[in-house]
Amino acid sequence: MEEFATLSYGGREVRLPVIVGSEGERAIDITRLRERTGLITHDPGFANTGCCRSAITFVDGERGVLRYRGIPVEELAAHSTFKETAFLLVHGRLPSPRELTRFSVLLNDHSLVHEDMKIFYQNFPRSSHPMGILSSMVNALRSFYPELQNLEEEVNVTVTRLLSKVRTMAAMSYKISRGHTVVYPRPDLTYCANFLNMMFSTPVRPYEIDPEVVRALNVFLILHADHEQNCSTAAVRLVGSARVNLYAAISSGIAALWGPLHGGANQAVIEMLAAIRGEAGGVRKALARARDPADPFRLMGFGHRVYKTYDPRAKILKEVVHGLLDRLRLEDPLLDCARELEEAALQDPWFVERRLYPNVDFYSGILLRAIGIPTNMFTVLFAIGRLPGWIAQWKESLEDPEGRLWRPRQIYVGPTERRYVPIEAR
Ligand code: ACO
1 MEEFATLSYG GREVRLPVIV GSEGERAIDI TRLRERTGLI THDPGFANTG
51 CCRSAITFVD GERGVLRYRG IPVEELAAHS TFKETAFLLV HGRLPSPREL
101 TRFSVLLNDH SLVHEDMKIF YQNFPRSSHP MGILSSMVNA LRSFYPELQN
151 LEEEVNVTVT RLLSKVRTMA AMSYKISRGH TVVYPRPDLT YCANFLNMMF
201 STPVRPYEID PEVVRALNVF LILHADHEQN CSTAAVRLVG SARVNLYAAI
251 SSGIAALWGP LHGGANQAVI EMLAAIRGEA GGVRKALARA RDPADPFRLM
301 GFGHRVYKTY DPRAKILKEV VHGLLDRLRL EDPLLDCARE LEEAALQDPW
351 FVERRLYPNV DFYSGILLRA IGIPTNMFTV LFAIGRLPGW IAQWKESLED
401 PEGRLWRPRQ IYVGPTERRY VPIEAR
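Take 1 as the starting number for the sequence shown in this note's numbering and just add one per residue.
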């Protein structure tokens, strides 16, 4: 039975339809609100605003649930690969063995980057952040790979092209930033093994591929593959709503992800842990600073707009990090510091009251460090992981019959009309 919410305003009652999602989430449909009442809504940060109907990812922030296309992320992390999860997100179902093989072949076929693009890389200043480089280079891809005829072709070709090339481009940016020879992708390696090889192999020291490291990277990428309407995904949808090409939309997603309040937090966590460790009473002081309303300091890797309990991705990563450090016989003093900070924050009433728990970024930096990824590449790894989610959301938004150009409104609070004053009279 259809449900309605009634809004009473200016002596009139307006019935607004209620949309019910497949997991029981309810939303008031305000599509015709302005037309019928002259009112708009005000929701800074969009915490109460559903911007689309989506069948891709389900998050329950109260219960700590995350599912891609209905499948719990815990099951995917335990049994799937990033490549298979990418297919699931983009196409809406798990691939058959034949489809997966075909997908692998396509990823391999598209893994090389146009040789002319190397010149671009070489001209970025050495101090450039890899996220800025990646965002620019992905946008530049359209100049090298012109528009395709229709959405189906765009999905099949551009999507695989992007998934494959972004990985190559990320490794290339690292190699060039170090003045090393670029390592080309190898057809005999899997998606993650290929990336590690392109990152760490050199002509004088071939990289030894450790299946445990490959597995850990797969899990990291799976856990980052989508997270419904977060900041960068909303950026991809918004920019995509102007019907820009997929490369431009993804480039804006990468730019949004770069921010320290979003994907940049994994780098910020490591920097914060290093600073805390270097100071006597560091954990206590950090908590005191985080509690001080006059201090802008925040505990990086804590809190989440949606999760008001332990982030399920942080739970999985914590286990993977411990297993990997044991397996590699690595000791990371930052991990001890992370544990101490986590325990202290989880017992601190100020944090408990605000339901601030570790988020996915809290442990991801330690995992990436253990694999040997340099700190300034952490968010790039997040971007590689999030790519299938951005693509799936872009595709869904183009196919959505309700899809329109995104154009929010505002409540103007500036000066009312006033006269221009000539410069000599000011
Ligand atoms: N450290 C200290 N206090 C915090 C933190 C934090 N990390 N996060 C939230 N708070 C406090 C705020 O000061 C505020 O307190 P108040 O009610 O006394 O004013 C309260 O908790 C609510 O905070 P908001 O900023 O309203 O929460 P919001 O949902 O807007 O922010 C965000 C979410 C941006 C993730 C925030 O928790 C944060 O800045 N965290 C640190 C950065 C981080 O780890 N980002 C990664 C997020 S996960 C991801 O993008 C993959």
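All C-beta atoms, glycine included, are put in the ideal place defined by N, C-alpha and C.
Taking the alpha carbon of residue i as the reference point, which residue from the options has its own alpha carbon closest?
{"i": "residue 334", "options": "286, 278, 391 and 241", "result": "278"}
{"i": "residue 407", "options": "345, 292, 235 and 297", "result": "235"}
{"i": "residue 338", "options": "350, 327, 322 and 353", "result": "322"}
{"i": "residue 191", "options": "108, 325 and 34", "result": "108"}
{"i": "residue 74", "options": "367, 318, 13 and 189", "result": "318"}
{"i": "residue 206", "options": "186, 83, 225 and 221", "result": "186"}
{"i": "residue 68", "options": "286, 30, 392 and 421", "result": "392"}
{"i": "residue 376", "options": "386, 305 and 271", "result": "271"}
{"i": "residue 88", "options": "21, 63, 24 and 57", "result": "57"}
{"i": "residue 227", "options": "239, 59, 164 and 124", "result": "59"}
{"i": "residue 223", "options": "384, 41, 46 and 114", "result": "384"}
{"i": "residue 46", "options": "64, 410, 422 and 23", "result": "410"}
{"i": "residue 331", "options": "367, 92, 76 and 11", "result": "367"}
{"i": "residue 203", "options": "93, 94, 211 and 180", "result": "180"}
State yes or no: is the C-beta of residue i within less than 8 Å of the C-beta of residue j?
{"i": "residue 122", "j": "residue 176", "result": "yes"}
{"i": "residue 200", "j": "residue 372", "result": "yes"}
{"i": "residue 379", "j": "residue 263", "result": "yes"}
{"i": "residue 138", "j": "residue 310", "result": "no"}
{"i": "residue 403", "j": "residue 232", "result": "no"}
{"i": "residue 14", "j": "residue 34", "result": "no"}
{"i": "residue 129", "j": "residue 164", "result": "no"}
{"i": "residue 344", "j": "residue 381", "result": "no"}
Assuming residue i and residue j are in contact, meaning their beta carbons sit under 8 Å apart, how far apart are those beta carbons, in whole angstroms?
{"i": "residue 320", "j": "residue 214", "result": "With a Cβ gap of about 12 Å, residue 320 and residue 214 do not count as contacting."}
{"i": "residue 427", "j": "residue 300", "result": "Here the chain covers residues 1 to 426 and nothing more, so residue 427 does not appear."}
{"i": "residue 52", "j": "residue 400", "result": "6 Å"}
{"i": "residue 144", "j": "residue 169", "result": "Residue 144 to residue 169, Cβ: 11 Å. No contact."}
{"i": "residue 162", "j": "residue 154", "result": "Not a contact, Cβ separation roughly 10 Å."}
{"i": "residue 225", "j": "residue 388", "result": "5 Å"}
{"i": "residue 364", "j": "residue 266", "result": "5 Å"}
{"i": "residue 184", "j": "residue 134", "result": "The Cβ separation is near 19 Å, so there is no contact."}
{"i": "residue 312", "j": "residue 66", "result": "5 Å"}
{"i": "residue 64", "j": "residue 307", "result": "6 Å"}
{"i": "residue 356", "j": "residue 303", "result": "5 Å"}
{"i": "residue 142", "j": "residue 245", "result": "5 Å"}
{"i": "residue 297", "j": "residue 289", "result": "4 Å"}
Quickly, what does DSSP pair residue i with across the bridge? List them, please.
{"i": "residue 8", "result": "13"}
{"i": "residue 19", "result": "27"}
{"i": "residue 59", "result": "66"}
{"i": "residue 3", "result": "18"}
{"i": "residue 358", "result": "302"}
{"i": "residue 72", "result": "67"}
(message) Report the start-end ranges of each alpha helix (DSSP H) in the stretch 249-308 that is 4 residues or longer and not cut off at the edges.
(response) Here the runs fully enclosed are 265-277 and 282-291.
(request) Scan the stretch 161-241 and note each continuous alpha helix (DSSP H) run of 4 residues or more that stays entirely inside, going in chain order. (result) You should have 191-200, 211-223 and 231-240.
(request) Any chance you could list the beta strand (DSSP E) runs of at least 3 consecutive residues sitting entirely within the stretch 120-145, in chain order? (result) Annotation note: the stretch 120-145 contains no uninterrupted beta strand (DSSP E) run of length 3 or greater.
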